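This report concerns only the one structure given below.
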């Protein structure tokens, strides 16, 4: 069975043909989202990209799966709410629009739920019944699998783990969330707090005359690259701190609440691999309830195509589900 997977994010749209039996990606293309043009324009651009992919691959697709930013009603494929990153996105009828465009069933879900479904079937979650999935990037997204099924909650939008409150007050702000401490911006914030100006210049390869560019030149990806190549860098120390103090403790809390079998860590920060996960595991082993110490903490496995495979898996899962329990747009 060939499926068309489409991922719609705040900065890029990706689409690809996915083999529903193996999760293999046969052909992909990407394009900038240009979110400032509004929801209708983004939807049209996503459909156009998906059509190009389908025509280029020249295969018969059985269904379309869409993973998108914002909170979605997975039963109808309608965007319920979205941040300012995607202006005018709320109310977009994703499933209906793609079904009309391709004349096949179409199913949509939140992008992190899509990522989790792909990893659960084809990636880091294979073999586990109970899993918690975290996507660490610009923000922090989460999804929970219990007894082999994605936890939806009453409204179908459960799993917003990044919005868990961890501190009542910090740095003059009233509340701080899991996302605040575990996202890419947290890595940058810690790095700038730990490194003096000369260290930053040295690690970034900036001359003194470029001092005014220091903060602008620092981004999570650059910090990660420095950490991976220089074991004595402040960047390496900042990554260690993120894993040891923040990710590790966050996982402790989630394990104590959920008694999960495995954590699967994805998103851009997961590219740091063991530099991030090893210190997180150490903290986890020290502080989690003894009964949960054998909980696994692993990196996501689907790599750069995880969003496309995840989107396709949304469709695959829906096709396998009792019709009354899923979106039936076709």
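Numbering (my numbering), first residue to last: 108 to 437. We put the CB at the ideal spot given by N, CA and C, even for glycine. These numbers were taken from a predicted model, which means no experiment stands behind them.
With a threshold of 7 angstroms on Cβ separation, who are the neighbours of residue 250 within its own chain once the five nearest residues in sequence on each side are excluded?
For the purposes of this step, residue 250 is taken as residue 143 along the chain shown, with counting starting at 1. Result list for residue 250: 219, 220, 223, 240, 257, 266, in chain order.
Is it the case that the region 379-387 contacts the region 342-352, given that we only count it when at least three CB pairs across the two stretches are under 8 angstroms?
Yes, the region 342-352 touches the region 379-387.
Roughly how many whole angstroms lie between the Cα atoms of residue 297 and residue 310?
Here residue 297 corresponds to residue number 190 of the chain shown, with the count starting at 1. Here residue 310 corresponds to residue number 203 of the chain shown, with the count starting at 1. Approximately 15 angstroms, taken between the alpha carbons.
Could you please give the first and the last residue of the uninterrupted beta strand (DSSP E) stretch that includes residue 139?
If you number the chain shown from 1, residue 139 lands on position 32. Taken as a continuous stretch (DSSP letters only), the beta strand (DSSP E) holding residue 139 covers 132-139.
What span of residues does the beta strand (DSSP E) with residue 216 cover, start to end?
The residue you call residue 216 lines up with position 109 of the chain shown. Taken as a continuous stretch (DSSP letters only), the beta strand (DSSP E) holding residue 216 covers 213-217.
Could you give the first and the last residue of the continuous beta strand (DSSP E) run that contains residue 274?
Numbered from 1 along the chain shown, position 167 holds the residue referred to as residue 274. Note, residue 274: beta strand (DSSP E), 272-274.
Extract the residue ranges of the alpha helix (DSSP H) inside the region 178-262, only unbroken runs of 4 or more that lie entirely within it.
Here the runs fully enclosed are 201-209, 218-229.
Can you tell me which of the three DSSP states residue 175 falls into?
In the chain shown, the residue the question calls residue 175 occupies position 68. Correct three-state label for residue 175: strand.
Using the C-alpha atoms, what's the distance from residue 340 back to residue 187?
In the chain shown, the residue the question calls residue 187 occupies position 80. In the chain shown, the residue the question calls residue 340 occupies position 233. If I take the Cα positions, the gap works out to 44 angstroms.
Residue 197: which of 212, 181, 211, 177 sits nearest, CA to CA?
Residue numbering aside, residue 197 sits at position 90 when the chain shown is read from its first letter. Looking at the Cα atoms, 177 is the closest of the given residues.
Mapping the DSSP letters down to three states, classify residue 326 as helix, strand or coil.
On the chain shown, position 219 is the one that residue 326 refers to. It is coil, neither helix nor strand.
Less than 6 angstroms between C-beta atoms, sequence neighbours within five positions excluded: which residues of the same chain meet that for residue 108?
Walking along the chain shown from the start, residue 108 turns up at place 1. Only 127, 169 meet the Cβ criterion.
Can you tell me whether residue 108 is helix, strand or coil according to DSSP?
For the purposes of this step, residue 108 is taken as residue 1 along the chain shown, with counting starting at 1. Here residue 108 sits in coil by DSSP.
Determine the burial state of residue 369: buried for a count of at least 16 other Cβ atoms within 10 Å of its Cβ, exposed for fewer.
Residue numbering aside, residue 369 sits at position 262 when the chain shown is read from its first letter. Burial call: buried.
Which residues does DSSP pair with residue 122 in a beta bridge?
Along the chain shown, one-based indexing puts residue 122 at 15. 113, 136.
What is the rounded straight-line gap between the Cα of residue 118 and the Cα of residue 112?
The count along the chain shown starts at 1 and reaches residue 118 at position 11. The count along the chain shown starts at 1 and reaches residue 112 at position 5. Whole-angstrom Cα-Cα distance: 17 angstroms.
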